[in-house]
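Numbers 1 to 738, taken from the working numbering, label the letters of the sequence shown in order.
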Amino acid sequence: MTYHTRLCRMFLLLCLVSPIFSIAQNNVQDARDNYNTGQQVTVSGIVTNDSSIGPVRYIQDSSAGIAVYGPSTVAPVADRGDSIRVTGTLKDYNGLLEIDPVSSFSVLDSNFQLPSANVITPSQVGENTEGELVKLNNVLFSAGGDTFSNSEYTFTANGEQGEIFIRQGHPLIGNFIPLSEVNLRGISSQFTFNQPATDGYQVLPRDSSDIVAQAPFLFREPVRQQNITTTSFELTWETELKASSNVEYGLTPSLELGHQGMNNSTNNHTYQLTGLSPATFYYVRVYSVNNGDTLRSSVGLYTTASQSSGSVRAYFNHQVNRNYSTTTDAEYVGNTFNDTIAAYIDSAENSVDLAIYNTNDATIVDAVNAAEARGVQVRYIANGSSANIGLSNLNNGVPLLERPSGSGIMHNKFVLIDPESTNNSYVLTGSTNFTQQNLFDDPNNMVILQDRAIAKAYQMEFEEMWGSNGNSPNQNQAKFGSDKLANTPTRFRVGDDLVELYFSPADRVTKQIDEAISSVDQELQFAVLSFTRDDLGQSIINKNNAFGIDVKGMIENTNDQGSEYQRLDTNNVDVQSHLSKPNIMHHKYAIIDQGSPNEDPLLVTGSHNWSNAAEFNNDENTLIIHDDTLTNHYYQEFMARFTGETDTATGIVKNNTKEEVRVYPNPASRQFRIDLGEALSQERRLKLYSMEGRLIRQISIGEQNRHRTIDVQHLEAGMYFLSLEKGPTSFHKKIVVE
């Protein structure tokens, strides 16, 4: 290096760390503290990341760090270790302060050593460190033993909790998540829909070098539970070095029941815990010792089997096609979905917990009120931004908690009855909201399990949202969405079936669905309202391309932004759009290897759409049930929808011939025009709902104003629901905003 070059680089470094050497330029901290969003700043710094965390580039000088979003200008050019100067406008993007748009940008020099990572604790991932390279020591991932996917992952360190985010295409995807403590590096960032933006803080690791194990040797395979009985279960794990097999366990995370072990030396470990109680949850940590070095896992929660009947039944509100029955006939209940739900609520002896996204059915509300009136403890969680017009009729003695509006919705649809009872503990779950439209008109499914252990797991999830284990909610302790923890058992023995239970977002449900799809050996059917996840789409394409595997599917919201429908169709997957068919196909299920009992047939069902909102923001529940009979029942339902042979339902009368209603254009980007026939003789309310049931707008329409125009250009692209009701007749139509 020449003397002149050395002088130039020294001067450049001084400019980066000493703003007095540059003209009309801010250091990063000055830009963050003294300028408002919408104002222009000029800053210089060292780029601390590359494309592994997307098109944003984080830069850092000696004062602070900041995000720069220039997907067509900065991102294709700037690389880790580059020194760049950026001029642009400050912007708040979901809580993250960034420069966007970028008006000018230049690379000053390259190959600089990155700033030293600031050592912090999880609670310090926030505004004071945003945009900076940070390091956290003694990190333990709650998902240790799993593999990374496009998801959020919680961790603990020094008694505090934090979160990392792995985006689609990240180099860590598919890598084993360490079970033991690691040192973590990454960029302190933020993503939230809430205002004010006081949450959503996360660390963004860049690649595998940002996660450094501390243990002298490592786990090669995660801890898995198997052979679950009422008094025992086995745990298996694998270590890279031969070591002993030991466990610590208890009824609390303190592991107060002590430890057990074998003085063996093996890579493949199996340990059976015995002498346990039925339907009881145990906290367990496994550990292995090699030459005085100890390798410990994170603490997991596991359950024994219950002494309940273990019955699992599925109900469908649209006709099934029993010509495809190979076990027993599926149960079609037609317009008695609400009566079925009410009957189970009527059977409650001690408690009823309901977590329902949207409710307007009087029969169910009456059953809830009757339960409360006869002394049953009733607790109700709803979504705050949904219509929920039926809840205005709840007894005053029924406590109600609504999830506040924000970055996600409480999208569950489950009822929990008597979880402490062996013989009367029930879970009712599936895809149906408790609305007239969902219960009677839209194809939906409901599965009912009689099992104390799985009911207790739903109770844990309910009370985490409720904020207490008492009759009254504690709003200060209530947790929704990404604030919840992965803190429930996931594997159950229900009767003779293995049942897996996952709650969103904490349990990374998309990965569980992906693994189920990847297990297909013979055939796959799926029926999903909203399908926008690229990873699940790719897994389906891969299975469709495999020799001898038959794949069929149905999607309702084929016009959703990012819908996988067109991609699947282009790749020769036999997938149908339900968009033009009557009613809204509201299912969220997949059927795997039905009719092949030797191939581990299984069913995926619940409230979880195959979308980012369900994965990252919403409160959802998903069951994976390993049972040949149940998969065939859902297959009978699927083939009825797919072939259209019995695609009818009872319920509200639609499209009365005396009333001609035209809605056009559909789809539309700016406005819809609504024309009513000449027979309309009285004023009605025309209501526009989101697909989640949120009332967006309502107007009067009648004899004096048969032609109305609805402006929709302010709405996000997607599907909406138009409803016109009066007396015994009604008109419902799906409309699409482009």
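Just so you know, even glycine gets a beta-carbon here, dropped at the ideal spot from N, CA and C.
Residue i Cβ short of 7 Å to the ligand ZN heavy atom set
i: G186; result: No copy of the ligand ZN appears in this structure; indeed no ligand is present at all.
For residue j and residue i, the rounded distance between their alpha carbons
i: G779; j: E132; result: Outside the shown range of the chain (1 to 738) lies residue 779, about which nothing can therefore be said.
i: E564; j: T359; result: 30 Å
i: V736; j: H608; result: 22 Å
i: W237; j: Q671; result: 59 Å
i: S580; j: T558; result: 10 Å
i: L722; j: N194; result: 28 Å
i: A478; j: S468; result: 7 Å
i: C15; j: K588; result: Low confidence applies here, because C15 scores a pLDDT of 47, under 50, leaving its location unreliable; read the following figure in that light. About 56 Å.
i: I345; j: A373; result: 12 Å
i: I741; j: L140; result: Outside the shown range of the chain (1 to 738) lies residue 741, about which nothing can therefore be said.
i: A24; j: T87; result: For A24, the predicted structure reports a pLDDT of 48, less than 50, and the residue's modelled location is therefore unreliable. A value from the coordinates is still provided. Going from the Cα of A24 to the Cα of T87 covers about 10 Å.
i: V134; j: S519; result: 39 Å
i: P55; j: G45; result: 17 Å
i: H411; j: A117; result: 39 Å
i: Q538; j: D366; result: 45 Å
i: G397; j: A546; result: 57 Å
i: F434; j: L394; result: 14 Å
i: I409; j: S482; result: 11 Å
i: A286; j: D100; result: According to the sequence provided, residue 286 is Val. The question's Ala does not apply to it. Near 48 Å, if we compare the C-alpha coordinates of D100 and V286.
i: Q202; j: T252; result: 28 Å
i: I381; j: V415; result: 10 Å
Bridge partners - residue i, DSSP secondary structure assignment
i: L301; result: Y283
i: L722; result: L688, K733
i: F526; result: G553, A590
i: G81; result: For G81, which the question treats as bridged, DSSP gives no partner whatsoever.
i: V68; result: R57, I99
i: G693; result: According to DSSP, which records beta bridges pairwise, G693 is partnered with nothing at all.
i: G186; result: V134
i: M460; result: Per DSSP, none; premise fails for M460.
i: N268; result: E238
i: V119; result: K135
i: L90; result: I99
i: G159; result: Looking at the DSSP assignment, G159 forms no beta bridge with any residue, so it has no partner.
i: L140; result: T156
i: A668; result: V737
i: L273; result: F233
i: G45; result: I84
Distance between beta carbons of residue j and residue i, contact taken as under 8 Å
i: R80; j: D50; result: 5 Å
i: V182; j: I211; result: 5 Å
i: V43; j: I66; result: 7 Å
i: Y315; j: T340; result: 6 Å
i: E500; j: Q512; result: 7 Å
i: P205; j: I164; result: 6 Å
i: N290; j: F217; result: 6 Å
i: T429; j: A457; result: 12 Å between Cβ atoms; not a contact.
i: N618; j: S530; result: N618 to S530, Cβ: 11 Å. No contact.
i: V299; j: Y282; result: Rounded, the Cβ-Cβ distance is 10 Å, inconsistent with contact.
i: I442; j: E349; result: The residue you asked about is not Ile; residue 442 is Asp in the sequence shown. That pair is no contact at about 32 Å.
Reduced DSSP secondary structure (H/G/I, E/B, other) of residue i
i: Y315; result: strand
i: K552; result: strand
i: G200; result: coil
i: I625; result: strand
i: H259; result: strand
i: F741; result: Lying outside 1 to 738, the shown extent of the chain, residue 741 is not represented and no answer is given.
i: S519; result: coil
i: P222; result: strand
i: N246; result: strand
i: G537; result: helix
i: V125; result: coil
i: T558; result: coil
i: R452; result: helix
i: N544; result: helix
i: G470; result: coil
i: I699; result: strand
i: Y426; result: strand
i: D574; result: strand
i: S52; result: helix
Q) Which runs of the beta strand (DSSP E) spanning at least 3 residues fall entirely within the segment 367 to 409, listed in chain order? A) 377 to 383, 400 to 403
Q: For the segment 576 to 605, list the beta strand (DSSP E) runs that are entirely contained and at least 3 residues long, ordered along the chain.
A: 588 to 592
Q. Taking only runs of the alpha helix (DSSP H) that begin and end inside the segment 472 to 524, which ones reach a length of at least 4 residues, in chain order?
A. 509 to 518
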